[in-house]
Amino acid sequence: MLVTSEEYAAYYRRVKSRLEKGCEGEGLNGTYPEPCVHCDVCVWFKQCDTGRRADDHLSLVAGITKLQRKQLVEWQFDNVAKLAEMPIPLKERSLHGSRDGMKRVREQVHELLPVAIGMDARAGVDCLVRH
Ligand code: SF4
Numbered sequence: 064m065l066v067t068s069e070e071y072a073a074y075y076r077r078v079k080s081r082l083e084k085g086c087e088g089e090g091l092n093g094t095y096p097e098p099c100v101h102c103d104v105c106v107w108f109k110q111c112d113t114g115r116r117a118d119d120h121l122s123l124v125a126g127i128t129k130l131q132r133k134q135l136v137e138w139q140f141d142n143v144a145k146l147a148e149m150p151i152p153l154k155e156r157s158l159h160g161s162r163d164g165m166k167r168v169r170e171q172v173h174e175l176l177p178v179a180i181g182m183d184a185r186a187g188v189d190c191l192v193r194h
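Residue numbers (this note's numbering): 64 to 194.
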């Protein structure tokens, strides 16, 4: 079956229109470069990694899971510095990730902060993250 140039042009306009609508409003603003298995080979890694570090993103904590990060964001501990100050024992039951797991990632960040004496807070937290 051959496609006429008019049909192809109509298809092109439809795809273009949907793409433009997808990029409006929350389209791109509602996204974040969440780390995934493709990051290691992605040409955009440097930009995404730089952005995550600038945001002090929870994914920088070694071994933290996506479920733990989701719970921490819901609890308003949405970056590494805030996680380091999260009160223990936890005040609420964790709906995403185990209580012990949440405590472990918090302790991982919090307990090593004294190692950073003489460093600024940011450098201290950087000691705790991967890479
Ligand atoms: S590095 Fe690539 S795969 Fe990873 S979040 Fe960024 S754009 Fe996506």
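The C-beta atom is built at its ideal place from N, Cα and C for all residues, glycine as well.
If you ignore the 5 residues before and after Lys133, its C-beta comes within less than 7 Å of the C-beta of His159, all in its own chain and listed in chain order. The beta carbon of Gln139 sits closer than 6 Å to none of the beta carbons in its chain outside the five residues before and after it.
Taking 8 Å as the cut-off, one finds at least one heavy atom of the ligand SF4 near enough to the beta carbon of His101. Between Asn142 and Asp119, the gap from beta carbon to beta carbon is short of 9 Å.
In terms of Cα proximity to Thr94, the closest of Val100, His101 and Cys86 is Cys86.
Here the C-alpha atom of Lys129 lies approximately 8 Å from the C-alpha atom of Ser122.
If you check the C-beta of Cys105 against the ligand SF4, you find a heavy atom less than 8 Å away.
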